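Quick note on my numbering: the sequence shown kicks off at 20 and runs consecutively. Worksheet for the structure shown next.
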Amino acid sequence: MPVNSHRHDVLILGSGAAGLSLALRLNEGLSVAVISKRELSEGSTVYAQGGISAVLDATDSIESHVQDTLKAGAGLCDPEVVRLVVERGPDNIRWLLDKGVEFTRDEGHGSAGGYHLTREGGHTHRRVVHAADATGRAVATTLESQVRAQPNVQLFEQHIAVDLITTRHLHGHPGHRCLGAYVLDLGTGRVDVFLARFVVLATGGANKVYLYTSNPDVSTGDGIAMAWRAGCRVANMEFMQFHPTCLYHPQARSFLITEALRGEGARLLLPDGERFMPRFDARAELAPRDIVARAIDHEMKRLGTEHVYLDISHRPADFVIAHFPTIHARCLELGIDITKDPIPVVPAAHYTCGGVLVDTRARTDLPGLYASGETAYTGLHGANRMASNSLLECLVYSELTAKDIEQQLAEVAHPPAVPPWDESRVTEPDEEVVVTHNWDELRRFMWDYVGIVRTNKRLRRAKRRADLLQQEIIEYYSHFRVSNDLIELRNLLEVADLIIQCALRRRESRGLHYTLDFPDKDPSQRGPTILIPDTYRPRGGTD
Ligand SMILES: Cc1cc2nc3c(=O)[nH]c(=O)nc-3n(C[C@H](O)[C@H](O)[C@H](O)COP(=O)(O)OP(=O)(O)OC[C@H]3O[C@@H](n4cnc5c(N)ncnc54)[C@H](O)[C@@H]3O)c2cc1C
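Below is the structure:
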């Protein structure tokens, strides 16, 4: 099959808030390619409910947002990064408004500049702009329609990046730079070459590595795995955030049951009807997210149950329907009437705090390669992400990326031609069951052994299994033609290994990382966990 070769100034892998905001931030004179492995809007961004944090109210302050973020991060945030992101917040919200995002308006108490602000966990002020309870949809659809109208941006949907192309692919080349990516066209089955002067990873998080997740199927850590293979450092992968209550139902993967339900009096119950949260925390169901998630996990492991229940049926039916119309309707479709029945729930992997290490210009270790959004580790979140800071981080780091690219344009030439993807030694896969089996096994042992409550014994058990599956998949990968599932599984295994390695290194409990072997915080462990690949090369001083 003939190979297509594409050339652009900037290649963006991913089309969530990070990828699309970058495409719109770049100078219109640049040719830009956006690669997206499904349709453009499919990613975590479109499912974001709460909103985006920024200091917009006159009674709020940058200092207060900075302090709240540092506190949530449990001593591991990079204060310089926190200040940078928080300071860029208001301008980025104005940028979204200019692009046409319709945030919820309000002139009364709790509003600023005509927009309604909510307050979420960890924030000491009202500072979250939102579009009702579907902020992500408002942001994603607006950015999508803007990008589709942008003549310099070429969109490649149903295309999945397989690996980065670097100077290592050019034998004997003395340089050290990212040149593009090999990309599988899911329509034709062909792996094409995409070359660019600058490449940006905006592929989202890695939460599909767990059995239960609030994330869509695309969150398979592809960018983190690709960067790691290309020689970039990765940091803080032990800090995976779990949302306490995701609906447990075979037909309802990834449906979140908002914390507001607990705020309105919903109780967590065991299968026999016992209310258990008061045994764990004086605040009971209103304890912080990580405490609730840990308590549920503890009870599920103790009893060997697949889920617990969240019950709001003691509140009047019309109140429940008026306050939670979406949840009521969705559960009713599945035969659960939340005005009468308890809702089966499990905690679910929600957010990847770690990722590809970048500096304050969004540069990774590999010259020419940037990372933005959930793929990146910037230092903003530390050991725990504060609600609504993640969309803000996407916007700010894409702004920083665009600026840095702009400043380097004059110095960076187009890359030379590179060898096409080599398929000469592979055949059609003979046993797809290997992929589906290993995928299920991975997600199950990550849930059981590397989930909310960890021990060294469980982590080592997981490491042995991850190593074995990785060997099998590397072998499979080198013999058979690549497919979407194979690419994702290979990346998930890579990311699982990074999570386990980070978790084994952190010998304390801090923020989202909780281990029974070291149940306390150790003040001496105040740095990020940084993993260095064998192929790592420090950047030169000139790029
Ligand atoms: C249910 C839910 C609710 C949330 N609520 C909030 C909230 O209220 N406020 C907040 O700040 N955050 C919230 N978050 C987190 C926030 O939505 C995400 O962190 C953020 O949207 C990530 O944006 P992103 O652009 O980095 O990645 P995503 O939006 O996940 O986009 C990733 C993109 O990369 C593409 N991609 C991935 N791999 C490849 C590949 N190999 N090749 C090509 N394309 C690829 C995907 O198809 C997708 O287009 C929520 C998350 C979830 C799941």
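Just so it is clear, CB atoms sit at the ideal spot from N, CA and C, and this is done for glycine as well. This one's a predicted model, so the numbers in the text were calculated from it and none came from an experiment.
Taking the Cβ atom as the reference point for each residue, do A221 and A37 lie within a distance shorter than 9 Å?
-> yes
8 Å contact criterion, which V120 and V158 should meet: CB distance rounded | 6 Å
Would you say Y370 touches ligand 1, meaning its beta carbon is less than 8 Å from a heavy atom?
-> yes
Give the DSSP-derived three-state secondary structure of Y231 in the structure shown.
-> coil
What is the DSSP secondary structure of H333, reduced to helix, strand or coil?
-> coil
Beta carbon of Y231 nearer than 9 Å to that of V377 = no
Residue ranges of each alpha helix (DSSP H) within the region 334-410, 4 or longer = 336-342, 344-352
Residues that DSSP places opposite L266 in a beta bridge = V364
Would the beta-carbon of A285 fall within 9 Å of that of E304?
-> yes
Sequence-distant residues of its chain with Cβ nearer than 7 Å to R524 (five each side left out) = T548
Between E446 and the rest of its own chain, which residues show a CB-CB distance below 8 Å, the 5 nearest in sequence each way excluded?
-> The question names Glu, yet the displayed sequence has Thr at residue 446. Same-chain partners within the cutoff: H498, F499, R500.
Helix, strand or coil at V51 [DSSP, three-state] = strand
Is the closest heavy atom of ligand 1 to the C-beta of S502 under 8 Å?
-> no
Any idea what DSSP makes of D182, helix, strand or coil?
-> strand
Is V51 closer than 9 Å to G569 when the C-beta atoms are compared?
-> It is not possible to answer for residue 569, since the shown part of the chain is limited to 20 through 562.
In its own chain, which residues sit with a C-beta less than 6 Å from the C-beta of T26, not counting the 5 before and 5 after it?
-> The sequence given here places Arg at residue 26; Thr does not occur at that position. Excluding sequence neighbours, R26 sits near L214.
Can you tell which of R209, L189, E82 has its C-alpha closest to the C-alpha of R146?
-> E82
Stretch-stretch touch, CB-based, cutoff 8 Å, three pairs: the region 532-548 with the region 91-107 = yes
Closer than 8 Å: is that where the CB of E570 sits relative to any heavy atom of ligand 1?
-> This structure does not reach residue 570, given that the chain is present from 20 up to 562, and the question cannot be answered.
Does DSSP put T561 in a helix, in a strand, or in coil?
-> Any reading at T561 must be qualified, since the residue scores a pLDDT of 45, below 50, and its modelled position is unreliable; the value itself is stated next. Of the three classes helix, strand and coil, the one that applies to T561 here is coil, per DSSP.
Using the Cα positions of R308 and H178, report the straight-line distance between them to the nearest angstrom.
-> 36 Å
If E58 and E139 are in contact, beta carbons under 8 Å, what's the gap, nearest whole angstrom?
-> Wrong, their Cβ atoms sit about 29 Å apart, outside the cutoff.
Would you identify the three-state DSSP class for V202, choosing helix, strand or coil?
-> strand
C-beta contact flag for I315 and P361 at 9 Å = no
Is any heavy atom in ligand 1 found nearer than 8 Å to the beta carbon of Y66?
-> yes
Residues bridged to D211 (per DSSP) | V202
Taking C-alpha atoms, which residue in E257, A180, F464 lies nearest to Y533?
-> E257
Does the beta-carbon distance from S273 to A367 come in below 9 Å?
-> yes
Three-state class that DSSP yields for Y134 in the structure shown | strand
List the whole-angstrom C-beta distance separating Q520 from C372, where the pair is believed to meet the contact cut-off of C-beta under 8 Å.
-> Actually they do not touch by this definition, with Cβ atoms about 15 Å apart.
Counting only the same chain and skipping the five closest in sequence on each side, list residues whose C-beta sits under 6 Å from that of T239.
-> K227, E507, N510, L511
Note down, in chain order, each residue of its chain lying with its Cβ closer than 8 Å to the Cβ of E318, except the 5 sequence neighbours on either side.
-> L289, F295, T324, V327
Under a three-way DSSP split, which group does M259 fall into?
-> strand
Nearest-angstrom Cα distance between D117 and D330?
-> 42 Å
Nearest CA to the CA of A42: which residue from G127, V172, G141?
-> V172
Do D486 and W458 have their C-beta atoms closer together than 9 Å?
-> no
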